[in-house]
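Heads up, the thing below is written out as structure tokens.
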Amino acid sequence: MASQEYDKLLEKLGENKHWPLLYMFKFIAPNEDGKVKQVVSLLPKNGQISYKHTKNLKFVSITCKVKMPSAQSIVDVSSEINKIKGIIAL
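By my numbering, the letter at position 61 of the sequence shown is numbered 139, and the numbering carries on one by one without gaps.
The structure is reproduced here in structure tokens:
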């Protein structure tokens, strides 16, 4: 995500006045080179994580539902994960 996209996300999340907020992170990772483990290692440790594989097992959808304390904390997690090559954020 580019900086402008994070600014838009931060602005949109900032409109919510009720924190902490249950948030759902969703990423698609190639099922290679430990990419799934890299993504999971950057997600909040107290989140509920689920996985779905494509039929050919080339990609894994990673979903994490977790209470986040602020809009900035969501942007921080997303920006770190998006630094991993080949990851798609949904």
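Cβ atoms here follow ideal geometry from the backbone N, Cα and C, with glycine treated the same way.
Item, Value
"Nearest to Pro122 (by Cα), restricted to the options Leu135, Thr132, Pro147 and Leu91", "Pro147"
"Span separating the alpha-carbon of Thr141 from that of Ala167", "10 Å"
"Alpha-carbon to alpha-carbon, Val144 and Asn94", "16 Å"
"Proximity to Leu100 [Cα-Cα], best of Asp154, Gln126, Ser139 and Lys163", "Gln126"
"Neighbourhood of Gly164 by C-beta, 8 Å cutoff - its chain only, sequence neighbours within 5 removed", "Ala107, Pro108 and Lys113"
"Extent of the continuous alpha helix (DSSP H) to which Ile165 belongs", "Neither: Ile165 is in no alpha helix (DSSP H) and is coded neither H nor E."
"Asp154 versus Gly92: straight-line alpha-carbon distance, rounded", "14 Å"
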